[in-house]
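In the working numbering, the protein residues as written are 57 to 343.
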C-alpha cells in the first residue's frame, strides 16, 4: 500500500525524535495521528507536517501517565482513520538522579510513560494492526545495555521495554504483525536540554537540586533527523533491532555483557565516579 493509504500513530510527537519522525513521515506522504501532552507544540508540528505533504494529520492531546490515555488515543485514531498500520511508541521520560533522593511522583511517572503506556497502546492496537499486517516500533535506549547509576529508574523502564518487545515480536509473528526495537544512543544535546527544563532554577514543583546537564561529546551523538529517517525506514524494511549510533551502542552492549560477567570490576570502575558526582548534590530528604 502506498504511504498515502497508511496510517502511522506517533507518541511524543511534539519534540525530539517524535517531532523529527513526524516531519520525515510527512515528507513520505503518510497519514498521521500525533499525540503529546503539549497541545500548542503538537499543533505546530501538525501544521508543518501538512505543509510537507501529509494528506491527513490528526492531533490527540493526552498525557501517557494517565492510565486512561491509551484507550482514548486508539479510539480517536481509529475513529478518524478507520484503521492503523504503524504504532510508534516513542514518548519517554528520563531523569538522572540518585534514587534515594528522587521525587516519588516522577519515579512513578517514568514507569507509566516509558513502559506501561507502550504496553497498553499495543494492547489496544493489536486488533487493528492485525487487519493490516501492521508494525509496532518501540523506541528504547542504549542505556538498557549497561546498568548506570543515576539512571536506575529510567534504565529499568527501557530494559523492561526491550524484554517485552522481544517477547511480543515472537508472539505476534503468526498474526503477521512486525515488532521492532530502536536503541538510540545520545542524540545531540536534546536530552540534556530537556533535563534542564525539568529542573529549572528555583523550581518548587520538582526535586532539587538540578541534575547536571553535561552533553556528551559530538563524536558520541547522532543527529535527530538521521535517527528519524532510520526509524521511518523500518516501516517498509523492518528489523528486529535498530541501534543508533551503532559505533557506540554495540561497544556498550559488549561492555554491559562483560560487567554482568565480572560485577566486581564494574563496581570498582564506577564507585569513585559516583562518589564525586554525589558530592555535587545538596543534602536533602527523600522526595
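We put the beta carbon where it would ideally sit given N, CA and C, even for glycine.
Rounded C-alpha distance that separates residue 68 from residue 119:
As a position in the chain shown, residue 68 is number 12, starting the count at 1. As a position in the chain shown, residue 119 is number 63, starting the count at 1. Distance between the alpha carbons of residue 68 and residue 119: 10 angstroms.
Considering only residues of the same chain and omitting the five flanking positions on each side of residue 235, which have a CB-CB separation below 7 angstroms?
Counted from its first residue, the chain shown places residue 235 at position 179. 192, 221, 224, 225 and 228, listed in sequence order.
Residue 135 versus residue 128: straight-line alpha-carbon distance, rounded:
If you number the chain shown from 1, residue 135 lands on position 79. If you number the chain shown from 1, residue 128 lands on position 72. Roughly 10 angstroms separates the two Cα atoms.
Would you say residue 181 and residue 143 are within 9 angstroms of each other, going by their C-beta atoms?
As a working mapping, residue 181 is identified with position 125 in the chain shown. As a working mapping, residue 143 is identified with position 87 in the chain shown. Taking 9 angstroms as the Cβ cut-off, residue 181 and residue 143 qualify as a contacting pair.
Please work out which residues of its chain come closer than 6 angstroms, Cβ to Cβ, to residue 178, disregarding the five sequence neighbours upstream and downstream, and give them in chain order.
Position 122 of the chain shown holds residue 178. Once the five neighbours on either side are set aside, the close Cβ partners of residue 178 are 192.
Spatial neighbours of residue 187 within its chain, please: C-beta separation below 8 angstroms, excluding the five flanking residues on both sides.
As a first step, residue 187 is located in the chain shown; it is residue number 131 there, counting from the start. Correct list, in chain order: 139.
Less than 9 angstroms between the beta carbons of residue 36 and residue 195, yes or no?
There is no way to answer for residue 36, as the model of the chain reaches only from 57 to 343.
With a threshold of 6 angstroms on Cβ separation, who are the neighbours of residue 176 within its own chain once the five nearest residues in sequence on each side are excluded?
Against the chain shown, residue 176 aligns to sequence position 120. Closer than 6 angstroms at the Cβ level, and outside the excluded window around residue 176, lie 126.
Does the region 154–170 come close enough to the region 81–98 to have 3 or more Cβ pairs within less than 8 angstroms?
Cβ pair count under 8 angstroms is below three, so no.
Could you check if residue 239 belongs to the surroundings of the ligand SAH, using beta carbon to heavy atom distance under 8 angstroms?
What this structure holds is no ligand at all, so the ligand SAH is not there to describe.
If you count every other CB in all the chains shown that lies within 10 Å of the CB of residue 107, and 16 or more means buried, which is it?
As a first step, residue 107 must be located in the chain shown, where it is residue number 51. Exposed, since its Cβ has fewer than 16 Cβ neighbours within 10 Å.
Just the Cα atoms here: how many angstroms apart are residue 101 and residue 230?
Numbered from its first residue, the chain shown carries residue 101 at position 45. Numbered from its first residue, the chain shown carries residue 230 at position 174. Whole-angstrom Cα-Cα distance: 36 angstroms.
Might you give, ordered along the chain, the residues of its own chain that have their beta carbon closer than 8 angstroms to the beta carbon of residue 200, omitting 5 neighbours on each side?
What you label residue 200 is simply residue 144 of the chain shown in a count that begins at 1. Only 211, 214, 215, 217, 218 and 239 meet the Cβ criterion.
Out of 165, 282 and 66, point me to the one whose CA is closest to residue 122's CA.
Position 66 of the chain shown, counted from the start, is the residue given in the question as residue 122. Ranking the options by Cα distance to residue 122, first place goes to 165.
Quick one: complete beta strand (DSSP E) runs, 3+ long, within the region 125–198?
Runs of the beta strand (DSSP E) inside the region 125–198: 142–145 and 191–195.
Evaluate residue 57 with the Cβ neighbour count: other Cβ atoms within 10 Å of its Cβ, from every protein chain shown; 16 or more gives buried, anything less gives exposed.
Taking the first residue of the chain shown as 1, we reach residue 57 at position 1. Its Cβ having fewer than 16 others within 10 Å, residue 57 is exposed.
Please report the distance separating the alpha-carbon of residue 151 from that of residue 133.
The residue given as residue 151 occupies position 95 in the chain shown. The residue given as residue 133 occupies position 77 in the chain shown. One C-alpha to the other measures close to 30 angstroms.
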